[in-house]
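Just so we're aligned, residue 1 is where the sequence shown starts under UniProt numbering, counting upward by one.
Don't be surprised by glycine CBs; every beta carbon is placed ideally from N, CA and C.
A short write-up of the structure that comes next.
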Amino acid sequence: MVRVKAKARKGDDAFQTRKQKVGRKKLAPATATRAEVHARTLRVTTPSAIAYTNPEGDARAAAGHEQRGQKRPRRDGEQQLLTAVSSEKLHRDFKEQLSNTRHYKKSFRGAGFMSLVRAIAANYEALHATAQISATTVTDFSDAALLSPIEILSAFTSALDAMSDTDGDVRRAALATLKIILLPPASRGHGADDDGGEAVSCRLTVPANGAGVRCDTDRTRAVLRAVDVTLTHAMTSVRRSGIELLHLILQASPHDVRAVLRESDAWVKMVGRVSAVLLQGTSGSSAGANTMKMIHVVPDILETMLQQCENVACVGMDFFVSQQGEKEVENTDATPQRILELFEECTPKWSTEWKELMEMRATIFRDAERVQRATAIARAFACITMYLRLQSLLSKQHVQLIRHLFTVKMPFTMRELTLVGAAPEHSGGHGYSKARRGAGERHR
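This is the structure:
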């Protein structure tokens with residue numbers, strides 16, 4: 001009898017099989033981890049973890065004990081070690097969050113920008129607290145525990161790049177990052193009598209005492225370049241985000257916007273694009289309603305570019321900047337023909353929107369947003385009309401149109417409209433009844 005060698009088993013048959021009897025305990029796999037390995041973990045108590053991640057609380061507690069007259073022994077070596085560990089963790093986390101803003105997943109990008117907002121806000125709070133403590137006591141606070149200007153600049157450029165992102169949440173988070181950099185909470189919350197704003201001013205070019213914004217044309221030029229990119233984007237939502245960014249930079253530094261846009265007449269085309277996005281007929285949708293709330297951006301940029309420098313919010317500028325503004329006023333009449341073309345381009349849309357609002361008559365005063373929209377359109381007409389009148393470019397047809405819109409077809413006076421438009425901000429929306437009561441007494 002010839003013996004034949006058994007064939008080698010292939011595939012799943014090559015593994016050793018073990019029979020499992022029914023009702024018995026399941027056999028452990030051959031690759032199971034031993035139970036004693038799970039017990040070999042590092043246990044960190046909660047108080048020690050808090051002490052290593054929050055050295056500022058320990059510093060505040062030590063300062064409180066010293067104010068009460070209690071003597072507390074200080075271990076300088078250990079305190080410096082804790083501060084160094086916290087500073088290293090701060091910069092490492094900020095770098096990781098900054099890298100998340102360029103992640104391929106949109107959720108990671110949005111979360112990265114929101115983390116940057118929280119980190120920069122905490123940095124402002126630390127600067128303000130340090131300024132208050134240093135005004136009363138002498139402290140050895142290290143700058144390593146704060147974000148460097150290079151890190152803030154990196155967050156600024158990443159947020160500008162993300163303004164053309166196709167995801168709305170990412171754009172909103174990037175806009176929040178730009179807002180906290182351009183308009184820090186210290187300048188909005190601590191008031192003008194705060195003396196500790198110099199530290200913020202020298203680091204981030206934005207003072208914390210609310211006295212005004214330092215002239216930084218490079219930063220403004222970068223923001224306006226991003227606005228140009230977003231306004232020419234194919235998606236309407238991205239163009240709306242560009243208008244929000246333009247509104248933000250107009251709030252932060254209107255004089256810098258004027259100085260940068262005066263370098264060419266491209267701002268006239270920008271106004272036309274903004275007006276086209278705001279008045280493109282998206283009524284009925286939530287996006288259209290949110291867009292119409294920003295209609296005041298059109299008169300804001302027109303007033304910034306066409307009115308005199310002293311009428312623009314230029315508080316806190318030094319003598320050199322005021323001299324530069326006077327030179328720019330001399331070049332105000334550089335593009336009168338382009339402004340006339342802008343007026344003829346935007347007049348049909350502005351007139352249609354104005355007529356629709358005026359057809360509501362007294363009902364318009366029941367909605368504060370419609371009143372603000374009508375006020376913004378009237379401001380835009382007034383600003384550009386007065387400029388063309390000074391340049392002797394206002395034709396008879398234009399004058400007849402303005403008279404028809406604001407005199408013949410207007411059911412109330414401009415004073416009533418402006419008073420009611422300003423009343424909801426101060427009296428909680430009851431300005432309509434007061435204005436109409438005064439108008440009724442006047443008619444009697």
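First through last residue of the alpha helix (DSSP H) which encompasses residue i
i           : result
residue 247 : 236-252
residue 184 : Residue 184 -> no alpha helix (DSSP H), and no H or E assigned at all.
residue 220 : 217-231
residue 396 : 396-403
residue 279 : Note, residue 279: premise wrong, no alpha helix (DSSP H); not H, not E.
Secondary structure of residue i, DSSP reduced to three states
i           : result
residue 90  : helix
residue 19  : coil
residue 297 : helix
residue 411 : coil
residue 154 : helix
residue 367 : coil
residue 335 : coil
residue 38  : For residue 38, the pLDDT reaches just 48, beneath the cut-off of 50, and the residue's location in the model is therefore unreliable, leaving the point undetermined.
residue 485 : Residue 485 lies beyond the range of the chain shown here (1 to 444); nothing can be said about it.
residue 172 : helix
residue 11  : helix
residue 24  : coil
residue 341 : helix
residue 355 : helix
residue 349 : helix
residue 96  : helix
residue 164 : helix
residue 263 : coil
residue 448 : Only positions 1 to 444 of the chain appear in this structure, which leaves residue 448 out of reach.
residue 360 : coil
residue 372 : helix
residue 132 : helix
residue 115 : helix
residue 328 : At residue 328 the pLDDT is 45, less than 50, meaning the model places this residue with poor confidence; the figure from the coordinates comes in the next sentence. Note: residue 328 maps to helix in three-state DSSP.
residue 389 : helix
residue 146 : coil
Proximity of residue i and residue j at Cβ, strictly below 8 angstroms
i           : j           : result
residue 298 : residue 274 : yes
residue 257 : residue 220 : yes
residue 182 : residue 261 : no
residue 244 : residue 147 : no
residue 449 : residue 101 : Any answer about residue 449 is impossible in this case: the structure gives the chain only from 1 up to 444.
residue 338 : residue 265 : yes
residue 155 : residue 120 : yes
residue 385 : residue 393 : no
residue 370 : residue 364 : yes
residue 226 : residue 160 : yes
residue 295 : residue 278 : yes
residue 343 : residue 390 : no
residue 237 : residue 168 : yes
residue 114 : residue 166 : no
residue 98  : residue 158 : yes
Residue i, buried or exposed, once every other Cβ within 10 Å from all chains shown has been counted against 16
i           : result
residue 397 : exposed
residue 104 : exposed
residue 311 : Because the pLDDT at residue 311 is just 43, under 50, the model does not fix this residue reliably, and the value given afterwards should be weighed accordingly. Per the 10 Å Cβ criterion, exposed.
residue 112 : buried
residue 255 : buried
residue 128 : buried
residue 411 : exposed
residue 184 : buried
residue 400 : exposed
residue 206 : With a pLDDT of 42 at residue 206, under the threshold of 50, the modelled position of that residue is not reliable, and the figure given next carries that caveat. When all chains shown are included, residue 206 counts as buried.
residue 11  : exposed
residue 16  : exposed
residue 239 : buried
residue 110 : buried
residue 23  : exposed
residue 93  : exposed
residue 150 : exposed
residue 8   : exposed
residue 241 : buried
residue 416 : buried
residue 125 : exposed
residue 259 : buried
residue 362 : exposed
Rounded distance between the beta-carbons of residue j and residue i, thought under 8 angstroms
i           : j           : result
residue 177 : residue 116 : 5 angstroms
residue 293 : residue 355 : Actually they do not touch by this definition, with Cβ atoms about 20 angstroms apart.
residue 357 : residue 373 : 7 angstroms
residue 162 : residue 171 : 7 angstroms
residue 405 : residue 351 : 6 angstroms
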